[in-house]
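Protein chains in written order, with this note's numbering: chain A, 464 to 866; chain B, 464 to 866. Scroll down for the structure; my scribbles are underneath it.
2 protein chains.
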Amino acid sequence: MTCIVQKYGGSSVADVDKLRKIARLIGEVKRQMIDVAVVVSAMGKTTDNLLSMARDFSPKPPRREMDMLLSTGERITMSLLCMAMHEIGIDAVSLTGSQAGIITNDRHNDAQVIEVRPFRVQDEMAKGKVVIIGGFQGVSYKRDITTLGRGGSDTTAVALAAALDAERCEIYSDVDGVYSADPAVVADARHLSEVSYPEMQEMSTAGAKVLNAQAVQFAKEKNIAIYARSSFQPGRETIIRRLSPGTIIGVQAVVREERIERIRLSGSDALERFQQAVSYLESEQVPVKEVHVTQIADNGDHSKASFVVSAGHIYGWEQTKDEMKEKVGPDITFDSDLATVSLIGEGLNRNNQTLLETINLLKEHDIIVSGITTTSFRISLLVPQNRIDQSVQLCHARWVMNS
Amino acid sequence: MTCIVQKYGGSSVADVDKLRKIARLIGEVKRQMIDVAVVVSAMGKTTDNLLSMARDFSPKPPRREMDMLLSTGERITMSLLCMAMHEIGIDAVSLTGSQAGIITNDRHNDAQVIEVRPFRVQDEMAKGKVVIIGGFQGVSYKRDITTLGRGGSDTTAVALAAALDAERCEIYSDVDGVYSADPAVVADARHLSEVSYPEMQEMSTAGAKVLNAQAVQFAKEKNIAIYARSSFQPGRETIIRRLSPGTIIGVQAVVREERIERIRLSGSDALERFQQAVSYLESEQVPVKEVHVTQIADNGDHSKASFVVSAGHIYGWEQTKDEMKEKVGPDITFDSDLATVSLIGEGLNRNNQTLLETINLLKEHDIIVSGITTTSFRISLLVPQNRIDQSVQLCHARWVMNS
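Take a look at the structure:
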């Protein structure tokens, strides 16, 4: 029997009416004799409410306890959706991440899925049931409840689709797929009908919220096609899948990530202090990105190290910064209020033309570029947080609409 | 090292301030080098809110899904309490019922604890941590999340105290122990400093809300003393423990249970239909009480059967009644809007004096007694729901204040 995995995000399950609608949509698929596993997020503002409860107690609560707290959100959604399905005569059963066999490492708040043992999902499916799974959560090999970080329900869905050998993985949200830029910022953003895995990975890494980067990586490894769709407005969709190399060339999309902070260290012991800083952040489970280290052997005074942190996603960041300062000493600089604008597309690094023209474009508009990183599929530029929307608009007009 | 188990009820953990106070109280105990396991209920109105969400979907949702939904309430409390403890420098870890080894049968919504495997609680205690456990929940041998029914957090606490061989089990709520009647109904109700296990069991069975009957049964079997105390007003307490027989004689307390419904069957096949009704209710996991069957062999027309259901605690009762009617046929009578007033005390059945005088007392006030049950420790009378408070007051004045 054909098997598909569907995932419904927080805005798709925000209230009673929406959950009822989702139940009917799932029922239609099930009646076509298709096995369905459904991954759900927490309803609307549930996660925000839980976070604000935690903040009442502590600026930096223990991460294990945050996971215990936050994982309840998806459990509420999944049991209510099951009830809605029973009401329309579809047999359904809810499973927690742990029950569904989502095994992770013990990196609380940002755990990685290391294995999926979907035996119970398969058992319940074999009994003819729709299986509703709480997204965003798993269980560590230490038998603690973990969460997978921002957008983690996508990862649950794709990882399950891979483990179940599903035909496809459908990701439902309030947008009908992936655009060349956020339509809220760029009015004439283009809808993309197909995106390759590496491009989608780069887009997610660079701040696009449609899909989680780890989810895309899973999909790529297992060659699972992801269909990004709107829950309630059938029509357009974006398919993320393997594309022949060279199918699409040039800048496909412009994405942004807000609330970026850069940390800089200098002086003859910059490398040692960089190691201290990063190992402290590792102990706090804060991921670092875009590391640059320059070590000048014969003149240590010119040695420097820098890296970037997505400050907007780190709970208790201000306190973490203070503690890092104590650990590494005073010669540390924080460049706050930054954001990144990223151009995404294959072949961007074949020559430097795109990079040079982009720097000039931003310069013409007095936007200070304070950092640059490039990969095969991406050019990212650090700009002031308060100029980010304008930067996206300028780059989109220059590279996407002009192509 | 001495080990104690504490349990804090919903009103003791209702908000941020109260959780902070509880954290400090636990901290004081821990600093005396006492191992503490803390069982918590859901915060204030959480369970009611979750129930009302479920009602939005279904008058009678699947019980398994109700358990999945309701068990999130205690998980929120326990993770927040851990955070509050960390803030005051006490190392604490939260465990779900499942992680704490509370193994139950699969009777969802009203599961029985069949085994406690507290290895993980002991491990964490050995590391010097306060262990915070979600009450009211367990895991079935089928690996499904179960809940223990009304007041189930008491059962969690006592069962854990037994498994941990704890010195005592302290049950904290907003009242400072057990009274001879509900002080909200009887202004001069007496505080009881000691209650025996069987009396307390009868009181709980007959509707007293201070302690859950299954919890008392566990405590009796394992000889665990229960200290019922007020969370925020230290002072008086009630100790529930083994008392020498004959220590206390006469009516100790008058308790009530509201929203009782009696089901009556008559006719020559009353016994068969009674079996059908009860086995249907068993499949719906509705407990029945006070069964009376009269089978007249040579004149079946006079055969009758009746039993009583605590309708106030059964989710989806109206629909269950309709389905029972369909199964058993039309010759079934429901006596609704009843309540029971119960006299509790040792030796009540040594003669019939107490029973006869009580019937007369209620009769004098035109309160219709529509049923009577007696055990060694209890006399229960079915009265109209709208006369229950007056019945409690009359019985308390006659038997408790007069003794």
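Note that the Cβ used here is the ideal one computed from N, Cα and C, for glycine as well.
Rounded to whole angstroms, the gap between the alpha carbons of A:Ala768 and A:Gly614 is 30 Å. With a threshold of 16 other beta carbon atoms within 10 Å, A:Val499 meets it and is buried.
Contact annotation, A:Leu623 with A:Val502: C-beta distance approximately 7 Å; criterion of less than 8 Å satisfied. A residue is called buried once 16 or more other Cβ atoms fall within 10 Å of its Cβ, and B:Ile489 is buried on that count. Rounded to the nearest angstrom, the gap between the Cα atoms of A:Ser636 and A:Glu700 is 11 Å. For the pair A:Met546 and B:Phe520, the Cα-to-Cα distance works out to about 6 Å. In terms of Cβ geometry, A:Ala644 and A:Val576 do not form a close pair [threshold 8 Å]. Judged by DSSP in its simplified three-state form, B:Val855 adopts helix. Rounded to the nearest whole angstrom, the C-alpha separation of A:Gly640 and B:Leu801 is 59 Å.
Between B:Asp785 and chain A, the shortest Cβ-Cβ separation is not below 8 Å.
For the 8 Å CB-CB criterion, B:Asp798 and B:Glu724 form a contact. In this structure, the alpha-carbon of A:Lys784 lies about 32 Å from that of A:Ala647. Shown here, A:Ile608 sits in a strand according to DSSP, grouped into three states. The region 477–544 of chain B is shown to contain whole beta strand (DSSP E) runs of 3 or more residues at 498–503, in chain order.
Residue range Ala733 to Ser746 is occupied by the alpha helix (DSSP H) that includes A:Arg736. Residues of the region 503–529 of chain A with a C-beta atom less than 8 Å from some C-beta of chain B are Leu513, Met516, Ala517, Asp519, Phe520, Ser521, Pro524, Pro525, Arg527, Glu528 and Met529, listed in chain order. A distance below 8 Å between beta-carbons, with the five flanking residues on each side excluded, links B:Arg583 to the following residues of its chain, in chain order: Leu558, Gln562, Ala563 and Gly564. Taking CB atoms only, B:Glu789 has no neighbour in chain A less than 8 Å away. Counting other Cβ atoms within 10 Å of its Cβ, A:Lys683 reaches 16 or more and is therefore classed as buried.
Against chain B, the CB of A:Ala477 has no partner CB under 8 Å away; the residue lies outside that interface. Among the residues of chain B, none has a CB under 9 Å from the CB of A:His571; the nearest is roughly 12 Å distant. A direct Cα-Cα distance of roughly 20 Å separates B:Lys685 from B:Ile596. Neighbours of B:Glu578 in chain A, taken as residues whose beta carbon is under 9 Å from its own, are absent, since the nearest beta carbon is some 18 Å off. The Cβ of A:Thr817 sits no closer than 8 Å to any Cβ of chain B. Taking all protein chains shown into account, A:Ala505 has 16 or more neighbouring C-beta atoms within 10 Å of its C-beta and is therefore buried. The three-state secondary structure of A:Ser659, taken from DSSP, is strand. For a Cβ distance threshold of 7 Å, residue set Thr535, Arg538 and Ile539 of chain B lies close to A:Thr535, ordered along the chain. The CB of B:Glu781 never comes closer than 9 Å to any CB in chain A; the least such distance is about 16 Å. About 4 Å separates the beta carbon of A:Gly808 from that of A:Gln715, a gap short enough to meet the 8 Å contact definition.
Shown here for A:Arg527: same chain residues with a beta carbon closer than 7 Å to its own, the five before and five after excluded, namely His571 and Asp607 in chain order. Here A:Thr817 really is in contact with A:Ile842; their C-beta atoms are around 6 Å apart, less than 8 Å. Between B:Ile497 and B:Met464, the alpha-carbon positions lie close to 6 Å from each other. Not a single C-beta of chain A is nearer than 8 Å to the C-beta of B:Arg487. Within 10 angstroms of the beta-carbon of A:Ile831 lie fewer than 16 other beta-carbons, which makes it exposed.
The closest CA to that of B:Ser659, considering only B:Leu728, B:Phe840 and B:Val855, is found on B:Phe840. The continuous alpha helix (DSSP H) containing B:Ile822 extends over residues Gln816 to Glu827.
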